[in-house]
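What follows is a short report on a single structure.
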Amino acid sequence: MEQLIQELKEHLIEELNLEEITPEDIDADAPLFGEGLGLDSIDALEIILILEKYYGVKLANSAEAKPVFRSVRTLAEYILQNRK
Amino acid sequence: MANKGVDIYIGATSLTTALGNKRATLDGMHRGECGLRFSNRYAMYAGEVDVTLKEGYTRFESMLIAEIESVVQQSGITLMSGDTQLIISTTKGNVELLADDCENIAARAFLYTSAEAISDYFNAANRAIVISNACISGVSAFVVAREKLLRGECKHVIVAGGDALCEFITSGFASFKSISAQPCRPYDAARDGLTLGEAAGAVLLTTDYVKADAAHILLAGGAITNDANHISGPSRTGDGLYYAISEAMREAGVSSEDVGFVNTHGTATRYNDEMESKAVAWAQLDGKPLNSLKGHIGHTLAASGVVETILCVEQLKQGYIFGTMGFSASDTPHQLMVSATEQHFDKRCCVKSASGFGGCNAAIVLDMECRERGTVGDKRAWRVAAEYTLPHAEQPFAEFIRSEFKSLDQSNMKFYKMSDMCKALYVAVEQLLRIEDFGDVPPTRRAIILANRSASLDTDVAHQRIVNQHLAEGASPAVFVYTLANVAAGEMCIRHKIQGDNTFFIENTHSEMVHQQAQHLIESGRADAVICGWCDLLQESWNVDIKLYKNN
Numbered sequence: 001m002e003q004l005i006q007e008l009k010e011h012l013i014e015e016l017n018l019e020e021i022t023p024e025d026i027d028a029d030a031p032l033f034g035e036g037l038g039l040d041s042i043d044a045l046e047i048i049l050i051l052e053k054y055y056g057v058k059l060a061n062s063a064e065a066k067p068v069f070r071s072v073r074t075l076a077e078y079i080l081q082n083r084k
Numbered sequence: 001m002a003n004k005g006v007d008i009y010i011g012a013t014s015l016t017t018a019l020g021n022k023r024a025t026l027d028g029m030h031r032g033e034c035g036l037r038f039s040n041r042y043a044m045y046a047g048e049v050d051v052t053l054k055e056g057y058t059r060f061e062s063m064l065i066a067e068i069e070s071v072v073q074q075s076g077i078t079l080m081s082g083d084t085q086l087i088i089s090t091t092k093g094n095v096e097l098l099a100d101d102c103e104n105i106a107a108r109a110f111l112y113t114s115a116e117a118i119s120d121y122f123n124a125a126n127r128a129i130v131i132s133n134a135c136i137s138g139v140s141a142f143v144v145a146r147e148k149l150l151r152g153e154c155k156h157v158i159v160a161g162g163d164a165l166c167e168f169i170t171s172g173f174a175s176f177k178s179i180s181a182q183p184c185r186p187y188d189a190a191r192d193g194l195t196l197g198e199a200a201g202a203v204l205l206t207t208d209y210v211k212a213d214a215a216h217i218l219l220a221g222g223a224i225t226n227d228a229n230h231i232s233g234p235s236r237t238g239d240g241l242y243y244a245i246s247e248a249m250r251e252a253g254v255s256s257e258d259v260g261f262v263n264t265h266g267t268a269t270r271y272n273d274e275m276e277s278k279a280v281a282w283a284q285l286d287g288k289p290l291n292s293l294k295g296h297i298g299h300t301l302a303a304s305g306v307v308e309t310i311l312c313v314e315q316l317k318q319g320y321i322f323g324t325m326g327f328s329a330s331d332t333p334h335q336l337m338v339s340a341t342e343q344h345f346d347k348r349c350c351v352k353s354a355s356g357f358g359g360c361n362a363a364i365v366l367d368m369e370c371r372e373r374g375t376v377g378d379k380r381a382w383r384v385a386a387e388y389t390l391p392h393a394e395q396p397f398a399e400f401i402r403s404e405f406k407s408l409d410q411s412n413m414k415f416y417k418m419s420d421m422c423k424a425l426y427v428a429v430e431q432l433l434r435i436e437d438f439g440d441v442p443p444t445r446r447a448i449i450l451a452n453r454s455a456s457l458d459t460d461v462a463h464q465r466i467v468n469q470h471l472a473e474g475a476s477p478a479v480f481v482y483t484l485a486n487v488a489a490g491e492m493c494i495r496h497k498i499q500g501d502n503t504f505f506i507e508n509t510h511s512e513m514v515h516q517q518a519q520h521l522i523e524s525g526r527a528d529a530v531i532c533g534w535c536d537l538l539q540e541s542w543n544v545d546i547k548l549y550k551n552n
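Protein chains in written order, with the numbering used here: chain A, 1 to 84; chain B, 1 to 552.
As structure tokens, then:
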């Protein structure tokens, strides 16, 4: 789990162009959206791509994804539950 | 009172949509036909058009030439005369050409080169003006045309709008998850996204009564605004669209009482239609018959504003509006009088609106009545408050812009997500406004007018590379959103609260044209402060040269 969280943080930094942010700066339990990382609806769509590209996990749309997108930890939990 | 006494009439019109030519489109809408079919090529519903290719011209160019030619033939107005100006609106022009080779960009993939080929076909005396402002491009073109005619710069303008579908476009909208699984259903509770279409249309606008259409319909007002909220998501309040509609109505001298019907953008995405319901209610037009024609012909991008305006003209003449295909019951926050089927209206005036990526909105008023128009004050003086040119450097752009951004000594997480062209503009505008800022000029009185040569080709290539990989997970929305040049202007609108005019022109070189546009916005009282100039970036070569104009 912790390893997956670390890996996810690295993918988020890379794919969402979070320059000047290190994995240590991201709190796995902090809200992903709203504050901190300054993510918006386009980033939400990009996170859906990350889940599919690296983990083969599909999410239909960002509305359905709301509870999954709460934090890096909830993302990791969703991947573990749905990874084939 | 510079604008008094100039009437701008709608003249000859021509269009082609998924339902066919103008006659076939009107008949199809009257009969409630849907032009949207499942496209195997794009794996989605789409409104595709049969195009007769002209030798030596692309599909997009052939579409536009056919409509302009029809308007020229019907009206007897020639582009060979210096009195006639051609304005072309398109979002992506010949972007299809990138699919074959995105490493060496074809000359005709540049919008101005394509526009030049079209003007040359007609031996045009004036260089065509090209507007690429996302999905409001078509309505924007009417606003710009109107200003040119009011100022007496020409007697006639032919506004031509078109976009041709290709995988570049369809995969981009798919990446935003905004494509409907069924033919789109504007305003309906079950709507789940838009359906793309392709189309072209051309309209003669003239100050010559003799050349006007027999119904003598006037382009009585128009305005362009920005939400200054988000580059892809519609405003949650509808304020930007409301400002555009109310300003267009003020110019036209009409109140909500005078309006017979409203033809909105009505894309059928959840948030667009919600936003429009708020803006329409705010403008006190929620009691008026309203329709969206996208259920018949799809969202035809830059063509939509031109084609749907032509259809508004026809609806004004016939006295009833077409139904909104796919609509049965609404769930928008404000109840609108969406017409499911044809409906009569009793006033001889209508409002047409559009909204698009980059947070832009535009509205125009078409009117068959003679009435007192909104006044425009005495010509006001302007001054150049600040100017800034982004330096050139030998180092790679990424390194250069990073150090420029650092020197601003600010933190902004959004900066690194922007396209390179947008980053260049961001730094330049920060520096410009450090010389002199907007001061107490309110957001709706701020404007941004830009031009460049390569539109968004730098990002277009990046998106095309992704498309060519045919990835299972699809294209990147964060890349695709910047394949519209005006989105860079939209970022500036968010950052600096610019809610007034925002128009992006494509030109071969940095000319006086955009600066005259900015100066006229101030002279005519439409804006009090305008950021204006050139913003171009393509493959490591950049050129950003901007000014801040203010009223004196």
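Positions of the beta carbon are idealized from the N, C-alpha and C atoms, including for glycine.
Residue i and residue j: beta carbons closer than 8 Å?
| i | j | result |
| --- | --- | --- |
| Ile88 of chain B | Val157 of chain B | no |
| Phe358 of chain B | Gly490 of chain B | The question names Phe, but residue 358 of chain B in the sequence shown is Gly. Contact: yes. |
| Pro186 of chain B | Gly374 of chain B | no |
| Arg146 of chain B | Gly240 of chain B | no |
| Ser246 of chain B | Phe504 of chain B | no |
| Asn94 of chain B | Thr52 of chain B | no |
| Phe142 of chain B | Phe261 of chain B | no |
| His463 of chain B | Val441 of chain B | no |
| Cys493 of chain B | Ala214 of chain B | no |
| Gly47 of chain B | Gly298 of chain B | yes |
| Val6 of chain B | Thr207 of chain B | yes |
| Phe168 of chain B | Leu98 of chain B | yes |
| Glu436 of chain B | Leu548 of chain B | yes |
Use the C-beta contact count for residue i: other C-beta atoms within 10 angstroms, 16 or more gives buried, fewer gives exposed.
| i | result |
| --- | --- |
| Leu18 of chain A | buried |
| Asp378 of chain B | exposed |
| Gln517 of chain B | buried |
| Glu10 of chain A | exposed |
| Lys58 of chain A | exposed |
| Asp29 of chain A | exposed |
| Tyr209 of chain B | exposed |
| Ala393 of chain B | exposed |
| Leu537 of chain B | buried |
| Leu425 of chain B | buried |
| Ser407 of chain B | exposed |
| Asp501 of chain B | buried |
| Arg434 of chain B | exposed |
| Lys22 of chain B | buried |
| Glu507 of chain B | buried |
| His515 of chain B | buried |
| His632 of chain B | There is simply no residue 632 of chain B to check, as chain B begins at 1 and stops at 552 in what is shown. |
| Cys535 of chain B | buried |
Which residues does DSSP list as the beta-bridge partners of residue i?
| i | result |
| --- | --- |
| His156 of chain B | B:Thr84, B:Thr206 |
| Leu87 of chain A | In the structure as shown, chain A begins at 1 and stops at 84. Residue 87 of chain A is therefore absent and cannot be evaluated. |
| His496 of chain B | Paired residues: none, contrary to the question. |
| Ser355 of chain B | B:Asn361 |
| Trp382 of chain B | B:Asn551 |
Is there at least one Cβ from chain A nearer than 8 Å to residue i's Cβ?
| i | result |
| --- | --- |
| Val481 of chain B | yes |
| Gly377 of chain B | no |
| Ala455 of chain B | no |
| Gly238 of chain B | no |
| Pro396 of chain B | no |
| Met413 of chain B | yes |
| Pro477 of chain B | yes |
Is any heavy atom of the ligand MN found at a distance shorter than 7 Å from the C-beta of residue i?
| i | result |
| --- | --- |
| Leu8 of chain A | Of ligands this structure carries none, so the ligand MN is not represented either. |
Examine chain B for any beta-carbon lying closer than 8 Å to the beta-carbon of residue i, and answer yes or no.
| i | result |
| --- | --- |
| Leu12 of chain A | no |
| Asp25 of chain A | no |
| Asp40 of chain A | yes |
| Glu77 of chain A | no |
| Leu132 of chain A | Chain A is shown from 1 up to 84; residue 132 of chain A falls before or after that span and cannot be answered. |
| Asn17 of chain A | yes |
| Lys53 of chain A | yes |
| Leu85 of chain A | Residue 85 of chain A falls outside the range modelled here, since chain A spans only 1 to 84, and no answer is possible. |
| Glu46 of chain A | yes |
| Leu32 of chain A | no |
| Phe69 of chain A | no |
At least three beta-carbon pairs within less than 8 Å, the segment 282–294 of chain B to the segment 332–346 of chain B: The count of Cβ pairs closer than 8 Å, one atom from the segment 282–294 of chain B and one from the segment 332–346 of chain B, reaches three, so the stretches are in contact.
Assess, as a yes-or-no matter, whether the segment 445–457 of chain B is touched by the segment 381–395 of chain B under the definition of 3 or more beta carbon pairs within less than 8 Å. Under the Cβ criterion (8 Å, minimum of three pairs), the segment 381–395 of chain B does not count as touching the segment 445–457 of chain B.
Examine the Cβ distances between the segment 179–195 of chain B and the segment 268–278 of chain B and report whether three or more of them are shorter than 8 Å. Flag = yes, the segment 179–195 of chain B and the segment 268–278 of chain B touch.
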